[in-house]
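Take the sequence shown: its position 98, counted from the start at 1, is 98 in the UniProt record's numbering, and no numbers get skipped.
Positions of the beta carbon are idealized from the N, C-alpha and C atoms, including for glycine.
Remember, predicted model here, so these are calculated numbers, not experimental data.
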Amino acid sequence: MSERSPQARCRPRLAPWFILFIAIFVACTSGAKSATPFPSAETARFSVEVVGQGPDIILIPGLNCSREVWDATVTQLKGRYRLHVINIAGFGSEPAAANRTGPVIDPVTEALNAYIVQNKLQKPIVVGHSLGGLTGLRLASQHPDSVSKVIVVDALPFIGVLFNPMATTETIIPQATQMRDNMLKGDDATYKAQQQAALAALPAPKTEAEKNRLRIATWGAQSDRHVVAQAFYDDMTMDLRQDLPKITAAVVLFFPHHASMPYTADQTEAFYKTQYAGTAHFTARRFDNSQHFIMYDQPDAFAAALIEALK
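Here it is in structure tokens:
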């Protein structure tokens, strides 16, 4: 048996947060607020709430998630920034609209760029969690002049490496296709019934962590499975590693480490930083005792780090 490379040896196995992410994907009432009117805000790909005054920030949630995942951030920042809080069509209770068929991430990316151009936003900062972070990176690589900074909250330029350190888009497509197609099997009524049964099985939340898990699961149960399945496929098969040098905006990565993960904090840090090799202006911040939803797991540390990263 050949010895694994150092990179392969330190590569994290499928992380507990990612296992939870998959579980939410296949099994995650927002009571979503109506979108605030804004010039040219209407789009078939997402809705926008605009809050506050000041320099522009675009907030993008992750797979399955409502814009409400950013509620604490909105409260924190609305006094000094103008926040454009996205809800991707088909996630949470947002109607699927044009995302119901075909690719999701690239059309959302192009719609975001059009939104920036039409509303004359002056190089906004993009903050994106998970799939939202990948979307921010895609926007910055395809339209380098549109954004000034991308703050990525636990996302990789290619998540295929979580399954296989040698993965490429071509090798991951069969697995991604199978996962997408499995989710789309059966009729909508059966799927919705399964989601509701899974929600009903959750214990009544007593702690803030349990409340957050319920929020995430509820958004997932409400999400349009066609949109979620395709968006996850897009995420799995999109490899931006070769595009990172095209990004002229600063990239700030927030990434988690938790004692339950089967690797050390140093291995986690080395892995994430390796994945972003080639990014011209890159910094990274580790959040210990956190999993995928850093804004929920370490809210005070996240809030402080975000303020610093926005400078």
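Next item on the list: Would you identify the three-state DSSP class for Gln269, choosing helix, strand or coil?
Entry: The sequence given here has Glu at residue 269, not Gln. Reduced to three states, the DSSP call for Glu269 is helix.
Note to self: Quick check on DSSP: helix, strand or coil for Phe254?
What the structure shows: DSSP places Phe254 in strand when its eight states are reduced to three.
Check: Beta-carbon separation of His84 and Val48 under 7 Å?
Finding: The criterion of a C-beta distance shorter than 7 Å is satisfied by His84 and Val48.
Next item on the list: Helix, strand or coil for Lys206, going by three-state DSSP, please let me know.
Entry: The answer is coil: DSSP assigns Lys206 none of H, G, I, E or B.
Note to self: Using only CA atoms, which one of Asp288, Lys123, Lys192, Thr73 lies nearest to residue 316?
What the structure shows: Nothing about residue 316 can be reported from this structure: the residues present for the chain run from 1 to 311 only.
Note to self: Does Leu59 come out as helix, strand or coil in the three-state DSSP assignment?
What the structure shows: strand
Check: How about the segment 148–156 and the segment 283–296: do they share at least three Cβ pairs that are nearer than 8 Å?
Finding: yes
Note to self: Can you confirm whether the segment 209–222 touches the segment 84–103 when touching is taken to mean that 3 or more C-beta pairs between the two stretches lie within less than 8 Å?
What the structure shows: yes
Notebook entry, point to check: Since Thr237 and Ile172 are thought to touch, with beta carbons under 8 Å apart, how far apart are those beta carbons, to the nearest angstrom?
Noted result: With a Cβ gap of about 6 Å, Thr237 and Ile172 count as contacting.
Margin query: Taking its Cβ as the centre, do 16 or more other Cβ atoms sit within 10 Å of Thr36, making it buried, or is it exposed?
Written below: Per-residue confidence for Thr36 stands at a pLDDT of 47, beneath the threshold of 50, marking its modelled position as unreliable; the derived number appears in the next sentence. Counting of Cβ neighbours within 10 angstroms places Thr36 among the exposed residues, the total staying below 16.
Next item on the list: Write down every uninterrupted run of the alpha helix (DSSP H) in the segment 131–214 whose length is 4 residues or greater and which is fully enclosed by it, in chain order.
Entry: Fully enclosed alpha helix (DSSP H) runs of 4 or longer: 131–142, 169–184, 188–200.
Notebook entry, point to check: If you draw a straight line from the C-alpha of Val228 to the C-alpha of Ala189, how long is it?
Noted result: Within the model, the alpha-carbon separation for Val228 versus Ala189 is close to 16 Å.
Next item on the list: Might you give, ordered along the chain, the residues of its own chain that have their beta carbon closer than 7 Å to the beta carbon of Ile22, omitting 5 neighbours on each side?
Entry: At Ile22 the pLDDT is 44, less than 50, meaning the model places this residue with poor confidence; the figure from the coordinates comes in the next sentence. Around Ile22: no qualifying Cβ.
Next item on the list: Classify Ala280 as helix, strand or coil using the three-state DSSP reduction.
Entry: coil
Note to self: Mapping the DSSP letters down to three states, classify Glu49 as helix, strand or coil.
What the structure shows: strand
Check: Leaving out the 5 sequence neighbours to the left and right, which residues in its chain are closer than 6 Å to Cys28 when beta-carbon positions are compared?
Finding: In this prediction, Cys28 has a pLDDT of 36, which is less than 50 and means its spatial position is unreliable; what the coordinates show is noted afterwards. If we look at Cys28 and ignore the five residues flanking it on each side, its Cβ neighbours are Asn64, Ile216, Ala217, Trp219, Gly220.
Next item on the list: At 4 residues or longer, and completely inside the segment 90–121: list those alpha helix (DSSP H) runs for me, N to C.
Entry: 105–118
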